[in-house]
Amino acid sequence: MSEQQGRPTPDKSPDEVVVDETSFEDSAAEMEADSEVAEHAAGDLAQMLDEARAKADEHYEQMMRAHAELENLKRRHARDLENAHKFALDKFVAELLGVWDSLELGHSAAQDEKADVPKLREGTELTLKMLGDAMGKFGVEQIDPTNQPFNPEFHQAMSMQPRADVPPNTVVAVFQKGYTLNGRLVRPAMVVVSQAPS
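The numbering used here numbers the first residue of the sequence shown as 2 and each following residue consecutively.
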């Protein structure tokens with residue numbers, strides 16, 4: 002084997018690296034520019050993070066205020082509801098006090114040995130009218146179904162009576178009148194209902 006074959010040629014040396022000075026300077030300049038961009042971006046990100054934290058703190062504060070307001074509103078609503086239940090009958094009671102006074106006066110007058118019965122009757126009728134007016138102001142209506150067809154929604158049949166003078170299932174007598182409050186049944190009328198004679 003010849004010496005040339007065993008020796009590496011200077012062009013093909015594996016350990017030898019050719020460095021171009023201009024490409025090295027360009028790479029260094031690019032790295033420096035990238036570093037500046039990265040620093041600028043990091044500064045922007047830090048500023049954005051600070052702004053986001055400030056907004057988050059502001060929103061948290063607003064949320065806490067809204068939560069406190071809601072709790073106060075709940076407490077106020079509960080108190081108002083309790084008072085509404087407690088004093089719901091104020092106006093109704095005020096209307097009934099006049100009836101009570103009238104009944105007491107009538108009772109006192111009836112205690113007298115020389116009580117004038119027609120005047121007592123008149124006083125009682127006026128008291129009943131006062132009571133009816135007071136109840137009417139609050140939507141209470143009386144059910145008096147005499148001579149009307151039996152209606153199981155508003156009447157409770159206490160007994161049946163064979164009658165030829167009225168159609169079957171007609172109310173012929175009322176034991177106790179019924180009442181509605183704003184159209185809703187409070188107490189059914191207790192009635193006697195006719196049936197066909199056998």
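Heads up, the beta-carbon is just placed ideally off N, CA and C, and yes, glycines get one too.
_Closer than 6 Å: R66 CB and nearest the ligand FAD heavy atom_ = This structure lacks the ligand FAD, and indeed carries no ligand of any kind.
*Length of the line joining the Cα atoms of E72 and P150*: Within the sequence shown, the letter at position 71 stands for residue 72. Within the sequence shown, the letter at position 149 stands for residue 150. Inter-residue distance for E72 and P150 is about 55 Å (C-alpha atoms, whole angstroms).
*Can you give the beta carbon distance from S220 to Q162, rounded, assuming they're within the 8 Å contact cut?*
What is shown of the chain runs 2 to 199, which leaves residue 220 out entirely.
_Q63, DSSP secondary structure in three states_ = Here residue 63 refers to the residue found at position 62 of the sequence shown. Helix, per DSSP.
*Compare the beta carbon distance of I144 and K178 with 7 Å and say whether it is the shorter of the two.*
Taking the first residue of the sequence shown as position 1, residue 144 is located at position 143. Taking the first residue of the sequence shown as position 1, residue 178 is located at position 177. Yes.
*Identify, in the order they occur along the chain, each residue of the same chain with its Cβ nearer than 8 Å to the Cβ of R54, setting aside the five sequence neighbours on each side.*
Here residue 54 refers to the residue found at position 53 of the sequence shown. None.
_Inter-residue CB distance, P169 and H156 (contact presumed, cutoff 8 Å)_ = Here the question's residue 169 lines up with position 168 in the sequence shown. Here the question's residue 156 lines up with position 155 in the sequence shown. Contact doesn't hold; Cβ gap of about 15 Å is too wide.
*What's the gap between the Cα of E4 and the Cα of E33?*
Working through the sequence shown from its first residue, we reach residue 4 at position 3. Working through the sequence shown from its first residue, we reach residue 33 at position 32. Residue confidence for E4 is low, a pLDDT of 49 falling below 50, so the modelled location carries little weight and cannot support an answer.
_Can you tell me whether V192 is helix, strand or coil according to DSSP?_
Position 191 of the sequence shown, counted from the first residue, corresponds to residue 192. The DSSP-derived three-state label of V192 is strand.
*Indicate the three-state DSSP secondary structure (helix, strand or coil) for P163 in the structure shown.*
Here residue 163 corresponds to residue number 162 of the sequence shown, with the count starting at 1. In the three-state DSSP reduction, P163 falls in the strand class (E or B).
_Proximal residues to M2 (C-beta, below 6 Å), its chain only, five neighbours per side dropped_ = Against the sequence shown, residue 2 aligns to sequence position 1. Residue placement at M2 is flagged as unreliable, the pLDDT there being 47, under the threshold of 50; the coordinate-derived value follows with that caveat. So no residue of the chain qualifies.
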